[in-house]
Amino acid sequence: MTITVLRLGHRPQRDKRLSTHLILCARALGAEKVIYTGMRDTRLEEGIANVVTEWGGSFVLEYASSHRGIIRNWDGKMVHLTMYGLQAHEAVKEVKEIDEPLLIVVGGAKVPWDVYEEADWNVSVTTQPHSEVSALAIFMHLFQGDAALRHEFPGGRLRITPSHRGKNVEVEGGRRKRGSAKTKSSEST
């Protein structure tokens, strides 16, 4: 099953860090693509493209001028993350049963009513205000289980080797990154 995230209403001056973090979260936890609406932000697109080049994977970031065509033409199921929806821990049981592409919609400043109406599930990660990033992360973990934390990202220049202490970053070609990384060649000596 493929997962695509639709980020509504990006505003470059106000949302640049939030949108970046949301996109990085989606990528790290297994989304194949994020589509964002609102104002086009080429710096955001370039930054995410650099992450994919450095860290690997086949992740795609796209811009759409409106969410309506994306939602109307979606060939799969749609989850809208909102604090007004069904409790995530209950709704996710139904969502797990599908075998179709999944579109996860994450709101911006003001979510248009058609999103609520078109969603197969309006899902709440708590019924309290909090971050879109945390809602996405929690939902993706509930939906995928621990597999959300074990995705592989082939083709990257950098790869972290988990360690109890320190920073172990393998760099393709054996170069050290910013003096804090151990390379494959330095680990073997």
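Take the sequence shown: its position 108, counted from the start at 1, is 107 in the numbering used here, and no numbers get skipped. Ideal Cβ placement from N, Cα and C applies to all residues, glycine included. The structure presented is a predicted model; accordingly, all values stated were derived computationally and were not measured.
Practice item. Would you identify the three-state DSSP class for residue 0, choosing helix, strand or coil? Key: Coil.
**Study point:** Whole-angstrom distance between residue 47 and residue 127, CA atom to CA atom
**Key:** As the crow flies, the alpha-carbon of residue 127 is around 30 Å from that of residue 47.
Exercise for review: Ignore the nearest five residues each way along the sequence and tell me which others in residue 119's own chain have a CB closer than 6 Å to its CB.
Suggested key: 76, 77
**Study point:** Pick from 57, 98, 97, 21 that is closest to residue 106, judged by C-alpha positions
**Key:** Here the closest residue by C-alpha is 21.
Review point. Among residues of its own chain, excluding the 5 on either side of residue 188, which ones have a beta-carbon nearer than 8 Å to its beta-carbon?
Key: With a pLDDT of 38 at residue 188, under the threshold of 50, the predicted position of this residue should be treated as unreliable, though the coordinate-derived value follows. Excluding residues within five positions, none has a Cβ falling inside 8 Å.
Review point. Is residue 92 helix, strand or coil when you go by DSSP?
Key: helix
Point to revise | Alpha carbon of residue 170 to alpha carbon of residue 14, nearest angstrom | key: Whole-angstrom Cα-Cα distance: 31 Å.
Exercise for review: Going by DSSP, name the residue or residues bridged to residue 35.
Suggested key: 6, 62
Check your understanding: What are the boundary residues of the alpha helix (DSSP H) that includes residue 97?
Key -> Where residue 97 is concerned, there is no enclosing alpha helix (DSSP H), given that its DSSP letter is neither H nor E.
Review point. Taking C-beta to C-beta, are residue 155 and residue 61 nearer than 8 Å?
Key: no
Review point. What whole-angstrom Cβ distance do residue 69 and residue 63 have, given they're in contact under 8 Å?
Key: 6 Å
Exercise for review: Please name the residue, chosen from 36, 89, 160, 59, that lies closest to residue 109 on a Cα-to-Cα basis.
Suggested key: The shortest C-alpha separation from residue 109 is found at 36.
Review point. For residue 86, which residues does DSSP report across the bridge?
Key: BP columns for residue 86 point to 123.
Practice item. Give a yes or no on whether the C-beta atoms belonging to residue 142 and residue 95 are separated by under 8 Å. Key: yes
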